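Visitor: Numbering (mature numbering (1 follows the signal peptide of the UniProt record, and there is no 0)), first residue to last: -20 to -1, 1 to 482. Every residue gets a Cβ at the ideal spot worked out from N, C-alpha and C, and that includes glycine. Just so it is clear, the structure is predicted and the values come from calculations on it, not from any experiment. Please read through the structure below; I'll follow up with questions.
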């Protein structure tokens, strides 16, 4: 596991200088060009389109920002920030005005030249509550965007944000061609290394390597990409072991030992910020919600959860979404206490005997072991748990985590956050988030994020029982760099760009 380094962004002197990014370097031998990458991953739906505002699965992440489209920035395998369609960027001294220099000589798959207007029209899709975009909270502080010539754009923020360039790597923020956005959403017209040849929503993507791409020979080593959707974990495993595919994403922990003993395939077991979380509160009143949150946290035997749900492929969580790969992860936090007797007392005090968890049918299949373990542990303190597909007392999330602390916390706990399903609010948290986001000194930020994690652990709406390792499997016919990204599964969902044939 490599922690994410942001030193260059978080020193006052560097904030006003050029923060350029270069290279997609590989370090495990010379990549071999050619061949077909055949991968099987979960999450695709019959309703999928190339409208990135709707993307919420590994399948569409790997297909979109990992193959067909590009973002302004990207997170490298080592956790560092790199330019993609943005070549470099500068910030004002207070990190409130950010200017991005765009790459020249880039073309969309329909032949249109990439320019600043493409950025403006794309970001207009995500700004404002009415957009319905999951990226809207990330851009809520953007007061304005303007083009400064054909290959430069400037973002002005309401308040300083030292991490702003990281946010532009979000997989929802792929760049569409201005004037052709609707067509691009229908047909998949991007600037990525692979051009769509055939796309059947919820089933598969076939794409071909673009000739004379701006990334040259540094990335995109396969001639063809075949991405297959499969929600059944056993089917994904069998397809790999039988040689039908050469990469399988999201291996179930129960299958991991089987892969490690099978000739011709290898298991990638990577620590990152991927985690399970239960947001507790829902339709309970304030007093009940607080008591039930405390009870659920006290009732959770976290080491047992890691053993039974993850087969040991993970580590216990501290009830915050900031994970061990984040540089400001507060490893000194006290492990939440397992106290089933206190849990029983709290539940008796508020008269709660039943908890409903909102879970989709697909998640119920994917995370059956997790739900079974959670239900069993809650039953030990007299709390009956049912899963429903409607408004519930709690909700289950399985999230890859986020590369910055502010991003992780805001998504769960800020007003309007994409995963703040309980509508939880705390003025202390909002104030700490705002102050930490604006602070340019790294050590001061460390202290602020430490305080934030302590507050959220004690009084937040989240139960985060475990951080789950990324488990994925690769046939011996595929070679990878020495460092593999673990922000998202499959090398930050960019394996089609970064891996090659052995």
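Suppose you measure from the CA of residue 238 to the CA of residue 136; what does that come to, to the nearest Å?
Guide: Counting from one through the chain shown, the residue named residue 238 turns up at place 258. Counting from one through the chain shown, the residue named residue 136 turns up at place 156. Distance between the alpha carbons of residue 238 and residue 136 is about 52 Å.
Visitor: Let's test the definition: count the other Cβ atoms within 10 Å of the Cβ of residue 2 and tell me whether it reaches 16, buried, or not, exposed.
Guide: The sequence position of residue 2 within the chain shown is 22, counting from 1. Note on residue 2: pLDDT 33, under 50, position unreliable in the model; the coordinate value appears next. Exposed, since its Cβ has fewer than 16 Cβ neighbours within 10 Å.
Visitor: Between residue 252 and residue 303, how many whole angstroms is the CB-CB distance? I'm expecting something under 8 Å.
Guide: The sequence position of residue 252 within the chain shown is 272, counting from 1. The sequence position of residue 303 within the chain shown is 323, counting from 1. Indeed they touch by this definition, with Cβ atoms about 7 Å apart.
Visitor: Taking only the alpha-carbon atoms, compute the straight-line gap between residue 279 and residue 352 and give it to the nearest angstrom.
Guide: Working through the chain shown from its first residue, we reach residue 279 at position 299. Working through the chain shown from its first residue, we reach residue 352 at position 372. Roughly 15 Å separates the two Cα atoms.
Visitor: Check residue 467 in the structure and name its three-state DSSP category.
Guide: In the chain shown, residue 467 corresponds to position 487, counting from 1. Reduced to three states, the DSSP call for residue 467 is coil.
Visitor: Which of the three DSSP states is assigned to residue 459 in this structure?
Guide: Counting from 1 along the chain shown, the entry for residue 459 is found at position 479. Three-state result, residue 459: strand.
Visitor: Can you tell me whether residue 282 is buried or exposed? The criterion is at least 16 other CB atoms within 10 Å of its CB, across all chains shown.
Guide: What you label residue 282 is simply residue 302 of the chain shown in a count that begins at 1. It counts as buried.
Visitor: Could you give the residue range of the alpha helix (DSSP H) that holds residue 409?
Guide: Counting from one through the chain shown, the residue named residue 409 turns up at place 429. Element bounds for residue 409: 407 to 418.
Visitor: Starting from residue 266, trace the alpha helix (DSSP H) in both directions and tell me its first and last residue.
Guide: Locating residue 266 in the chain shown gives position 286, where the first residue counts as 1. Taken as a continuous stretch (DSSP letters only), the alpha helix (DSSP H) holding residue 266 covers 266 to 279.
Visitor: Which partner residues of residue 336 appear in the DSSP bridge assignment?
Guide: By 1-based counting over the chain shown, the position of residue 336 is 356. In DSSP, residue 336 forms a bridge with 366.
Visitor: Please give the ranges of any beta strand (DSSP E) in the segment 137 to 189, keeping only runs that are unbroken, at least 3 residues long and fully inside the region.
Guide: As far as the segment 137 to 189 is concerned, its whole beta strand (DSSP E) runs of at least 3 residues are 174 to 180, 184 to 189.
Visitor: Got a sec? Which residues, its chain only, sit under 6 Å from residue 233 by beta carbon, not counting five neighbours each side?
Guide: The residue labelled residue 233 in the question sits at position 253 within the chain shown. Around residue 233: 290, 291, 293.
Visitor: With a cut-off of 8 Å, do at least 3 Cβ pairs link the segment 265 to 279 to the segment 386 to 394?
Guide: Flag = no, the segment 265 to 279 and the segment 386 to 394 do not touch.
Visitor: With a threshold of 16 other CB atoms inside 10 Å of the CB of residue 149, please say whether the residue is buried or exposed.
Guide: Residue 149 sits at position 169 when you count from the first residue of the chain shown. With 16 or more Cβ atoms within 10 Å of its Cβ, residue 149 is classed as buried.
Visitor: When DSSP labels each residue in this structure, what does residue 211 get in the three-state scheme?
Guide: The residue labelled residue 211 in the question sits at position 231 within the chain shown. In the structure shown, residue 211 sits in coil (DSSP, three-state: anything other than H, G, I, E or B).
Visitor: Is it buried or exposed for residue 155, if we count other Cβ within 10 angstroms and need 16 for buried?
Guide: For the purposes of this step, residue 155 is identified with residue 175 of the chain shown, where counting begins at 1. Its Cβ being crowded by 16 or more others within 10 Å, residue 155 is buried.
Visitor: Going by Cα to Cα distance, which pick from 159, 86, 42 is closest to residue 472?
Guide: Here residue 472 refers to the residue found at position 492 of the chain shown. Of the candidates 159, 86, 42, the one whose C-alpha sits nearest the C-alpha of residue 472 is 42.
Visitor: Which stretch, first to last residue, makes up the alpha helix (DSSP H) that contains residue 324?
Guide: As a position in the chain shown, residue 324 is number 344, starting the count at 1. Here the alpha helix (DSSP H) through residue 324 covers 320 to 330.
Visitor: Does the beta carbon of residue 145 fall short of 6 Å from some heavy atom of the ligand MN?
Guide: Annotation note on the ligand MN: not contained in the displayed structure, which lists no ligands.
Visitor: First and last residue of the beta strand (DSSP E) that includes residue 296?
Guide: Looking up residue 296 in the chain shown gives position 316. Here the beta strand (DSSP E) through residue 296 covers 294 to 296.
Visitor: Among 95, 456, 241, 277, which has the Cα closest to the Cα of residue 481?
Guide: Position 501 of the chain shown holds residue 481. Out of 95, 456, 241, 277, 456 has the C-alpha closest to the C-alpha of residue 481.
Visitor: Would residue 24 pass as a contact of residue 172 if the rule is Cβ separation under 7 Å?
Guide: The sequence position of residue 24 within the chain shown is 44, counting from 1. The sequence position of residue 172 within the chain shown is 192, counting from 1. Taking 7 Å as the Cβ cut-off, residue 24 and residue 172 do not qualify as a contacting pair.
Visitor: Per DSSP, residue 62 is paired with what?
Guide: Stepping through the chain shown from its first residue, residue 62 is reached at position 82. Answer is 54, bridged to residue 62.
Visitor: Relative to the alpha-carbon of residue 201, which residue among 40, 59, 458, 462 has its alpha-carbon at the smallest distance?
Guide: The residue labelled residue 201 in the question sits at position 221 within the chain shown. The residue with the shortest Cα to Cα distance from residue 201 is 458.
Visitor: Tell me which residue opens and which closes the beta strand (DSSP E) that residue 18 is part of.
Guide: For the purposes of this step, residue 18 is taken as the residue at position 38 of the chain shown. Residue 18 -> beta strand (DSSP E) spans 16 to 21.
Visitor: Tell me, to the nearest whole angstrom, how far the beta carbon of residue 140 is from that of residue 76; I am working on the premise that it is less than 8 Å.
Guide: As a position in the chain shown, residue 140 is number 160, starting the count at 1. As a position in the chain shown, residue 76 is number 96, starting the count at 1. Right, their Cβ atoms sit about 5 Å apart.
Visitor: Assign residue 405 to buried or exposed, taking buried as 16 or more other Cβ atoms, counted over all protein chains shown, within 10 Å of its Cβ.
Guide: To locate residue 405, count along the chain shown from 1; it is residue 425. Per the 10 Å Cβ criterion, exposed.
Visitor: Do the CB positions of residue 48 and residue 170 come within less than 7 Å of each other?
Guide: The residue you call residue 48 lines up with position 68 of the chain shown. The residue you call residue 170 lines up with position 190 of the chain shown. Contact: yes.
Visitor: Candidates 211, 93, 393: which alpha carbon is nearest residue 408's?
Guide: Position 428 of the chain shown, counted from the first residue, corresponds to residue 408. The shortest C-alpha separation from residue 408 is found at 393.
Visitor: Who are residue 204's beta bridge partners in DSSP?
Guide: Locating residue 204 in the chain shown gives position 224, where the first residue counts as 1. Looking at the DSSP assignment, residue 204 forms a beta bridge with 16, 188.
Visitor: Rounding to the nearest angstrom, what Cα-Cα distance links residue 264 and residue 190 in this structure?
Guide: Position 284 of the chain shown, counted from the first residue, corresponds to residue 264. Position 210 of the chain shown, counted from the first residue, corresponds to residue 190. Using only the alpha carbons, I get a separation of about 53 Å.
Visitor: Residue range of the alpha helix (DSSP H) that residue 387 falls in?
Guide: Stepping through the chain shown from its first residue, residue 387 is reached at position 407. 385 to 393 is the span of the alpha helix (DSSP H), which, as asked, contains residue 387.
Visitor: Give me the Cβ distance between residue 61 and residue 260, rounded to the nearest whole Å; I'm assuming they're in contact under 8 Å.
Guide: Within the chain shown, numbered from 1, the residue matching residue 61 stands at position 81. Within the chain shown, numbered from 1, the residue matching residue 260 stands at position 280. Contact doesn't hold; Cβ gap of about 34 Å is too wide.
Visitor: Quick check: the Cα distance between residue 496 and residue 433, rounded to an integer number of angstroms?
Guide: The structure shown does not extend to residue 496, since the chain is modelled only from -20 to 482, so the question has no answer here.
Visitor: How would you write the range of the beta strand (DSSP E) that residue 424 sits in, first residue to last?
Guide: Taking the chain shown and counting its residues from 1, one reaches residue 424 at position 444. Looking at the DSSP string, residue 424 is not in any beta strand (DSSP E); the run it does join, the alpha helix (DSSP H), is 422 to 439.
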